[in-house]
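Each residue of the sequence shown is one higher than the one before, starting from 171 at the first, in the working numbering.
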Amino acid sequence: ISFLRYAFTFYCLIEYSFCLTIRNSFSKTMYFDGEVNTSQSGHLIVLSHGLMGGPNDLSYLCKQLETLGGELTMVLSSNCNEFVKTTNGVSYGGRSLADEIKSFISTHDKDAETKLKYISFVGNSLGGLYTRYAIKELFDEEKGTIAGLIPSHFMTVATPHLGVRDYTFLDEAGIFVPGAVKMAVANLFQTTGKDLFDDLSQKTSSSENDQDDIENDESNGLLFHMATSENFLRPLRSFRKRRLYANLQGDLVVPLGTAAFMDPQQVQQLRSQYGSTYGILTTITTTTTTTTTSSTSNIETMARTSTTISNDNTIITNSKELLTSYKQPTESTSSTTTSTTSSESNKGPFDCVRDNNPLGAFSILGSFAQSLEGDVKESQREAELSMRAQLDSVGWEKVLVNFRDVLPLS
């Protein structure tokens with residue numbers, strides 16, 4: 171026991187020393203443009219931590235922003251969702267964060283000489299979902315403001331935008347995990363777990379008039395609504411810039427596919443290209459504007475993308491080429507659809523990995539169990555496609571990093 175204790179302490183010291191060396195390079199990329207602070211107007215930056223965390227998790231970032239921003243920058247490191255409160259669900263956490271922001275702004279503007287004018291967000295892991303929900307609560311569509319302030323930057327760090335049901339590290343390794351096992355894990359984290367592990371196979375897009383009471387809609391999951399409803403997308407579009415950070419590989423909790431809402435084939439392509447590269451890898455910029463016509467029986471999503479790589483290793487995605495349109499099968503045609511659908515169409519997000527998995531026994535057993543359980547369905551793939559397309563439609567800078575080879579356990 172003593173040996174293990176000393177070994178663990180030694181590893182922590184190495185990890186801490188290494189973190190000190192990479193913070194400078196990381197903070198240089200995680201920047202807020204100085205344009206908004208050229209006048210005597212305050213800029214509020216809201217930080218939101220992740221699952222079972224607290225405000226101290228982002229203390230280094232908080233100090234750096236206060237130092238670099240000067241007296242015109244105020245940083246609110248949220249403490250309304252500390253520790254066990256993070257298991258109360260995304261909607262609860264989002265509303266709590268919105269209330270905390272309103273209270274902070276009201277208190278500050280009463281006493282401060284410099285009035286706040288701009289607002290930005292940084293959400294770490296689950297905190298990214300909290301911030302996405304909170305800005306919906308705080309958005310004034312007529313004025314285009316968030317909590318009465320001008321939206322500036324919106325950032326997420328390793329946030330599970332698509333949930334984690336089919337994006338666990340086992341899924342990415344090509345090892346099939348039954349849905350019942352995943353839900354057992356989800357139940358450990360109560361409402362938040364159910365939000366993150368929600369089954370998307372029965373989800374359908376709804377019109378804007380159906381979005382007012384998200385929590386009471388039993389037919390559609392919260393994360394699906396947050397990715398496809400204009401009530402959530404319009405507040406995101408109001409920000410001058412949107413940026414996300416995602417780990418290329420080695421993230422056991424929030425893999426690249428859900429952190430950057432990417433197609434599995436694109437994930438594998440990027441890993442093949444950058445897998446042996448260390449540090450900050452590249453930035454993928456989406457500038458897509460999508461038009462969506464949706465109802466409970468029909469989903470049509472336009473996601474036109476074309477990718478080029480510039481000299482500075484930046485991938486730029488423009489609205490030009492790919493059009494994806496699909497319809498959800500009705501009950502009267504579901505039996506016909508099932509009988510005519512090939513095995514390829516019923517594959518999950520990472521079955522392209524599973525097919526080439528060297529752990530052949532796991533692949534065979536997984537495929538057999540998958541065929542019996544029917545855990546991954548075509549409608550699940552369609553829901554994920556719709557979520558990716560709609561989130562991309564608001565325009566993002568996706569910064570990919572890779573520290574796996576240096577700290578495999580962190």
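C-beta: ideal position from N, C-alpha, C; glycine also.
Coil, strand or helix - residue i by DSSP
i    : result
M432 : coil
D310 : strand
V406 : In the sequence on display, residue 406 carries Leu and not Val. Helix at L406.
L451 : strand
T338 : coil
T237 : helix
N357 : helix
S218 : strand
T362 : helix
T301 : helix
T456 : strand
D269 : helix
L423 : This sequence places Val at residue 423; Leu is not what is there. Residue state, collapsed to three classes: coil.
G264 : helix
D227 : helix
N401 : helix
L332 : coil
G344 : coil
S556 : helix
F573 : coil
C232 : helix
Residues bridged to residue i [DSSP beta-bridge criterion]
i    : result
L414 : T326 and K568
H213 : T243 and Y288
T319 : Strictly speaking, residue 319 in this sequence is Leu, with Thr absent from that position. DSSP output for L319 lists I316 as bridge partner(s).
T277 : Bridge partners of T277: none, in fact.
N294 : V327
T256 : The partner list for T256 (beta bridge, DSSP) is empty, contrary to what the question assumes.
Pair within 8 Å by beta-carbon distance, residue i and residue j
i    : j    : result
G363 : T326 : no
L267 : S248 : yes
F359 : T428 : no
K285 : S211 : yes
F409 : P321 : yes
E554 : L370 : yes
T416 : A343 : One point to set straight first is that residue 416 is Ala, not Thr, in the sequence displayed. Result no, Cβ atoms of A416 and A343 do not sit closer than 8 Å.
Through-space distance from residue j to residue i, alpha-carbon basis
i    : j    : result
V571 : D336 : 22 Å
K233 : L217 : 12 Å
P425 : Q419 : 7 Å
S563 : F394 : 15 Å
C250 : R558 : 29 Å
Y288 : L319 : 5 Å
T452 : G293 : 20 Å
T338 : V423 : 7 Å
S229 : L366 : 26 Å
I215 : V254 : 24 Å
D279 : E548 : 51 Å
L296 : M353 : 18 Å
E252 : G263 : 10 Å
T301 : D269 : 12 Å
Q455 : L246 : Per the sequence shown, residue 455 should be read as Thr rather than Gln. Taking the straight line joining both Cα atoms gives about 28 Å.
V351 : I345 : 13 Å
Q438 : F431 : 13 Å
P225 : H219 : 6 Å
E311 : S442 : 43 Å
T277 : P330 : 32 Å
Q550 : D227 : 34 Å
Spatial neighbours of residue i in its chain, beta-carbon cut-off 7 Å, leaving aside the 5 residues before and after
i    : result
A317 : I271, K272, I275, I289 and L308
G333 : L366, F367, D368, L393 and T428
L340 : V347
G259 : T361, T362 and D365
R407 : V564
E236 : T243 and V245
M222 : F253 and T256
Residue i beta carbon near the ligand MN (any heavy atom closer than 7 Å)
i    : result
T257 : Among the components of this structure there are no ligands whatsoever, and the ligand MN is therefore not found.
Contact set for residue i: own chain, Cβ-Cβ below 6 Å, skip 5 residues either direction
i    : result
T503 : At T503 the pLDDT is 34, less than 50, meaning the model places this residue with poor confidence and gives no usable figure here.
R413 : M325 and E567
I305 : I316 and P405
S446 : none
Q436 : none
Same chain only: Cβ atoms within 8 Å of residue i, ignoring 5 sequence neighbours per side
i    : result
N357 : G363 and K364
H213 : F202, V206, N207, G239, L242, T243, M244, L286, K287, Y288, I289, S290 and S322
C182 : Confidence is the limiting factor: at C182 the pLDDT is only 49, short of 50, which leaves the residue's position unreliable and the question unanswerable from this model.
Y444 : L418, L451, T452, L570 and N572
V355 : G363 and F367
CB contact check: residue i to chain D, cutoff 8 Å
i    : result
V216 : Note that chain D does not occur in the displayed structure, where there is just one protein chain.
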